[in-house]
Structures are given as structure tokens and as C-alpha cells.
Amino acid sequence: MGRWLKLLFKLLAWVVLIVLVTLLALRLLAALRETRTEAPAPGALVQTDLGALYVIDMGPRDGPPVLLIHGSIGWSAFWEETLVALAAQGYRAIAFDMPPMGWSERDPAGDYGRARQAQRVLALTEALGISPVLVAHSFGAGAGAEAVMADSSAFAGFLVVDGAIGLEAQAKPLPLPLRSGAVRQLAVSASITNPWAMQPMLRAFLHVKDRAAPYVDTLNAPMMRTGTTAAMADWLPTLLTRPEEAPSVTEEGWRGLALPTGFLWGVEDTATPLAQGERLAALVEGSRLWPLEGLGHIPQIEDPAAFQAALIEALEWVESAR
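Take the sequence shown: its position 113, counted from the start at 1, is 113 in full-length UniProt numbering, and no numbers get skipped.
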């Protein structure tokens, strides 16, 4: 028996060593990949009171403004098809990179909490001189909701797309291993900034699985930016823990919304099920819910035409409800 235990311990030691070497190798590869410093076209950096934010701005400058926020590990170009469709309908369609994702200036203190992100949204609207309809997807809906709840007068309306809100979620501490920045960097380089992991990660959120492949290169592009793995490691705790004292995670915060608010939600969403959208819609007086049949958590890429039609209908409803 003692001999078998020794063999088992040796085997486990080898497994641990192989895993550790693999993680270190992936971290090294990430550092070697992350060399790009200049933001790409067609966007541009807009200076705000909270740093420079990368913005893609399409459509007529005098068109009704629509500001779009991406979800976790996304960036403004992930909205490209939606931006083009809105611009063609006469809207001024604007998407920006929410730090540390994409090409926006990163926070020197690594503060990517929901409240700080909301301040960035408000700072951008002020810098652009707009009062837009805010369209916020998935994880970005948390920051969007905080911004709207902080100053609803800054917006013409609020549309949530499959929002990852965490309403009344139980607060949980960050898992012990991930309290180490070095460990978080290993985890990030094996997943978020690992180009070979992007497609399976994206597929996991989709109901229409074959729609992942066309967007992998788009999502991987900003992962080549210098310092991305370290920045995403700073951000990771905000993804894994409930924001403290955030109105957007309370029913009272949603009941208090006094601007046209709508919800577009994939019926087949397994990440944030439709029931979550129904609950939010029930809290906001006068709101509307657009269930998107046959679509999952990222409807804007699963069926762009169907999503765009629903979004334009929702924008027209916002205008009529004001």
C-alpha cells in the first residue's frame, strides 16, 4: 500500500508541475503577444475627465444619439454591425471601450468597479455633449444602470440587452487563490487573453453556436495591446464579486427609474435567463420587454438582422414614450 501511495503522490506532483509549467508558458506567450500600443481605425480617443476613451462614432452628427456599452471581454468593434444599421436609420451611433477592455485609457489604480465605470459613462456623455439613449449589454448593463440611476437626466432612455445585473445576488468573497494578482494573471492568460480559448468561451454564451467563429478575430484583436493580461487581472474581481452598495443590484434602484426603459432579451439565454429580464421589467413602471426568440446571451451576433429590427423598434418606442 505504501508503494502505491508513493506512486500516486509522484503522479500528482507531475500533474501539478505540468499544469504550472503550462500556465507559466501561457503567461509568457501573452507577454510576447501584447506589443501593440496604437489604437486602430475607425475609432478615436475622446478625452474625458476620467481619461481617454476609445470611441467608434457613426451616422449623422445631428441624428438622435445612441450610446452602446459592450459586455465583458468585448469592445466597441463588437457592435460594428449594429452601429452600421443604426447609422443607416439616421441615428448617431456611438460605441466605446469600457476599460480595461479595448483601447481606452486604463485606470492607474486599477479601479474598474461598477460605480467607477458609471462615472466613465457619464464623463463620456459630457465630453461628447450628448444625452443619448443608452444601450447596455450583459456585464456592461451594470455600469449602464449605475450611470442612469446616478443621473437619469443625462439620458433620453435606457435599453438593457441580456443584462448581467446580479439583482439581490448574495455577496461572496473572491476565491482565495484569485486574491493574488500573480495567480489572476495566470488565470487570465490561460483564458481571456488566450487566443485559442476565445472561440470555445464565446460559443458557451451563444444559443446559435456557429455564430461564434466570425467574431473570434474581432474579440482577440485588442488582446494584443501592451499590458492587457495584467489589466484584465486587475478587472477580474469585479466580474466575480457582487458590487458593494450599488443601487443597480437592488429592487429599489430599478423601481426608481423615471426614464423610458426597455429590455431586449434572448429567450434561449442560459447565462442570464429570460426570467431575470422579466423580473427587471416588472420592477420598472411603464417599461417594455422584447423577448428575442431563438437567441441566446449575445443576440446582436447570433442574428444581427433580427436584433437590429428589435433595437430600432425599441428606440422608436423610447422616442414615443418621452
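A virtual CB, placed ideally from N, CA and C, is assigned to each residue, including glycine.
Notebook entry, point to check: So, are the CB atoms of L283 and F155 less than 9 Å apart?
Noted result: no
Notebook entry, point to check: Quick one: what does DSSP say T241 is sitting in, helix, strand or coil?
Noted result: coil
Check: Which partner residues of P291 appear in the DSSP bridge assignment?
Finding: W265
Notebook entry, point to check: Where does Q170 land, buried or exposed, given buried means 16+ other C-beta within 10 angstroms?
Noted result: exposed
Checklist line | In chain order, each alpha helix (DSSP H) run of at least 4 residues that lies wholly inside the stretch 182-224 | finding: List check, alpha helix (DSSP H) in window: 198-204, 216-220.
Check: Who are the Cβ neighbours of L50 in its own chain at under 7 Å, not counting the five residues just before and after it?
Finding: Hits under 7 Å: Q119, R120, A123.
Next item on the list: Please say whether R33 and L186 have beta carbons closer to each other than 9 Å?
Entry: Not a contact, by the Cβ cut-off of 9 Å.
Notebook entry, point to check: So T37 is in the alpha helix (DSSP H); what residue range does that whole segment cover?
Noted result: Neither: T37 is in no alpha helix (DSSP H) and is coded neither H nor E.
Check: Which of helix, strand or coil does DSSP assign to T272?
Finding: coil
Notebook entry, point to check: Which residue or residues does DSSP assign as beta-bridge partners of A136?
Noted result: I69, V160
Next item on the list: Could you tell me which residues DSSP pairs with Q47 in its beta bridges?
Entry: A52
Check: What are the start and end residues of the beta strand (DSSP E) that includes F78?
Finding: Looking at the DSSP string, F78 is not in any beta strand (DSSP E), and its letter there is neither H nor E.
Note to self: With three or more beta-carbon pairs closer than 8 Å as the criterion, would you say the stretch 191-206 touches the stretch 243-255?
What the structure shows: no
Notebook entry, point to check: Taking Cβ to Cβ, would you say residue 323 is nearer than 9 Å to G110?
Noted result: In the structure as shown, the chain starts at 1 and stops at 322, and residue 323 therefore has no counterpart that could be examined.
Checklist line | Counterpart residues of D57 in DSSP-defined beta bridges | finding: I94.
Next item on the list: Measure the C-alpha to C-alpha separation of P299 and A143 and round it to an integer number of angstroms.
Entry: 20 Å
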